[in-house]
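To start, the structure under review is shown below, and the notes come after it.
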Amino acid sequence: MFHAIETVATLPGYKLSVLFRSGESKVYDMDNLMARHEAFQSFRLTRGLFEQAKVAAGGYGVYWNDDIDISCNELYANGKLATEPKT
Numbered sequence: 066m067f068h069a070i071e072t073v074a075t076l077p078g079y080k081l082s083v084l085f086r087s088g089e090s091k092v093y094d095m096d097n098l099m100a101r102h103e104a105f106q107s108f109r110l111t112r113g114l115f116e117q118a119k120v121a122a123g124g125y126g127v128y129w130n131d132d133i134d135i136s137c138n139e140l141y142a143n144g145k146l147a148t149e150p151k152t
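Read left to right, the sequence shown gives residues 66 to 152 (this note's numbering).
As C-alpha cells, this is what we get:
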C-alpha cells in the first residue's frame with residue numbers, strides 16, 4: 066500500500082515529523098540509516114542539509130538532493146505514531 070506524505074518537518078536529533086494524507090502523523094528517527102548508509106552521513110557533515118527536507122512530488126517520499134531521499138513506505142512502516150489518526 067502507498068502511504069502518501071502531506072507534509073514533513075525536521076526535528077532535533079535527526080528526526081522527521083511526517084504527516085501522511087491519511088491523517089496519521091509519525092516521527093521517524095534517521096539515526097539507523099545514518100549509521101548504515103554513507104549518503105545519510107552527509108547530514109552530520111554538511112551544516113543545515115538535514116533541515117532542507119522536502120516532500121517529493123506526489124508524496125512518494127522525502128528528499129534533500131539528487132543523492133539523498135527516503136520512501137514514504139519506509140517512513141510509514143518504521144516511524145512511530147505521533148498522534149491519533151484524524152477522523
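For each residue, glycine too, the CB sits at the ideal point set by N, CA and C.
### Message
Rounding to the nearest angstrom, what Cα-Cα distance links residue 96 and residue 79 in this structure?
### Response
7 Å
### Task
Please classify residue 152: does DSSP put it in a helix, a strand, or coil?
Interpretation of residue 152 is limited by its pLDDT of 44, a score under 50 that renders its predicted location unreliable; the figure taken from the coordinates is listed afterwards. Residue 152: coil per DSSP, three-state reduction.
### Query
Any idea if residue 104 is buried or exposed, counting beta-carbon neighbours within 10 angstroms, 16 or more meaning buried?
exposed
### Cβ pair residue 92, residue 144 closer than 7 Å
Yes, Cβ-Cβ distance for residue 92 and residue 144 is below 7 Å.
### Message
Quick check on residue 136: does DSSP put it in helix, strand or coil?
### Response
strand
### Message
Can you tell me which residues form a DSSP beta bridge with residue 74?
### Response
82
### Query
Roughly how many angstroms separate the alpha carbons of residue 130 and residue 120, rounded to a whole number?
In this structure, the alpha-carbon of residue 130 lies about 11 Å from that of residue 120.
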